[in-house]
Amino acid sequence: CYGTRPEWLKIKPLWGLSEEFKLLRIGQHTDLIKGLPHDYEIKYDEIGNGRLNDIVVNNLKNLPDITNFDAILVQGDTTSAFSIALSAYHLGIPIIHLEAGLRTYVRNPYPEEFNRRAISLMADIHLCPTQGNIQHLYDEKVGGEKFIVGNTVLDNLVGITTQKQNKVLITLHRRENLDN
Numbered sequence: 166c167y168g169t170r171p172e173w174l175k176i177k178p179l180w181g182l183s184e185e186f187k188l189l190r191i192g193q194h195t196d197l198i199k200g201l202p203h204d205y206e207i208k209y210d211e212i213g214n215g216r217l218n219d220i221v222v223n224n225l226k227n228l229p230d231i232t233n234f235d236a237i238l239v240q241g242d243t244t245s246a247f248s249i250a251l252s253a254y255h256l257g258i259p260i261i262h263l264e265a266g267l268r269t270y271v272r273n274p275y276p277e278e279f280n281r282r283a284i285s286l287m288a289d290i291h292l293c294p295t296q297g298n299i300q301h302l303y304d305e306k307v308g309g310e311k312f313i314v315g316n317t318v319l320d321n322l323v324g325i326t327t328q329k330q331n332k333v334l335i336t337l338h339r340r341e342n343l344d345n
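Quick look at the structure:
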């Protein structure tokens with residue numbers, strides 16, 4: 166499942182590993198994810214996070230064959246990831262959390278810190294980028310299986326050839342950066 170461009174970049178290395186995988190796209194950033202692959206899609210207009218959760222929970226249960234899924238993989242800490250995890254939890258579908266164990270232990274970033282901690286409580290399998298991330302889950306006594314898998318966004322760089330240039334492309338997608 167993915168709803169944002171950063172989520173797509175992080176699950177992209179896993180997509181296509183099996184023809185049995187199905188890809189659900191949540192239209193959280195429709196202008197940034199137009200044209201990206203998906204088997205299923207939940208669309209919604211620009212609305213607040215509370216309404217997004219409502220829409221995802223109500224629509225996920227109506228996806229074809231949803232009760233036949235072996236598991237649902239959610240990536241990261243967005244409200245779309247939280248909504249999918251919550252829906253899967255209520256449907257009794259095992260949850261795999263990619264990028265698990267990230268913590269700030271303060272309220273910010275909001276709502277991401279809440280989302281990632283709540284997903285951890287529901288997840289059956291935690292795929293952590295680092296030893297520190299997996300240690301957070303052990304310290305919090307979070308259940309489920311835990312694995313260190315590295316950072317999948319870096320896996321996108323494998324095999325890319327570069328030309329020597331003194332240029333760097335940076336995209337900033339955090340709400341905190343939008344006003345400055």
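Counting along the sequence shown from 1, when you hit position 179 you're at 344 in my numbering, and nothing is skipped either side.
Glycine included, C-beta positions come from ideal geometry on N, C-alpha and C.
Item: According to DSSP, what are the bridge partners of Leu238?; Value: Ile261
Item: Pull up the distance between the alpha-carbon of Leu238 and that of Leu251, whole angstroms please.; Value: 12 Å
Item: Let me make sure I understand the geometry here. Which of Arg268, Thr243 and Ile290 has the alpha-carbon closest to that of Pro276?; Value: Thr243
Item: Decide if Gly297 is buried, meaning its Cβ has at least 16 other Cβ atoms within 10 Å, or exposed.; Value: exposed
Item: Got a sec? Which residues, its chain only, sit under 8 Å from Ile231 by beta carbon, not counting five neighbours each side?; Value: Leu225, Leu256 and Ile258
Item: Taking Cβ positions, are Glu172 and Gln240 nearer each other than 8 Å?; Value: yes
Item: Please tell me whether Val318 and Lys175 are closer than 8 Å, where the distance is taken between their beta carbons.; Value: yes
Item: For my contact list, Gly266 and Ile299 are in at a C-beta cut-off of 8 Å; report their separation, rounded to the angstrom.; Value: 6 Å
Item: By a C-beta neighbour count over all protein chains shown, 10 Å radius and 16 as the cutoff for buried, is Asn280 buried or exposed?; Value: buried
Item: Identify every residue that forms a DSSP beta bridge with Cys293.; Value: Ile313
Item: Consult DSSP for Arg272 and reduce its assignment to one of helix, strand or coil.; Value: coil
Item: According to DSSP, is Val176 part of a helix, a strand, or is it coil?; Value: The sequence given here places Ile at residue 176; Val does not occur at that position. If DSSP states are grouped into helix, strand and coil, Ile176 belongs with the helices.
Item: Let me know the secondary structure DSSP gives Ile284 once reduced to three states.; Value: helix
Item: In angstroms, rounded to a whole number, what distance separates the CA positions of Leu228 and Leu286?; Value: 24 Å
Item: So, helix, strand or coil for Glu278, using DSSP?; Value: helix
Item: Using beta-carbon positions only, say whether Asp204 and Lys187 come within less than 8 Å of one another.; Value: yes
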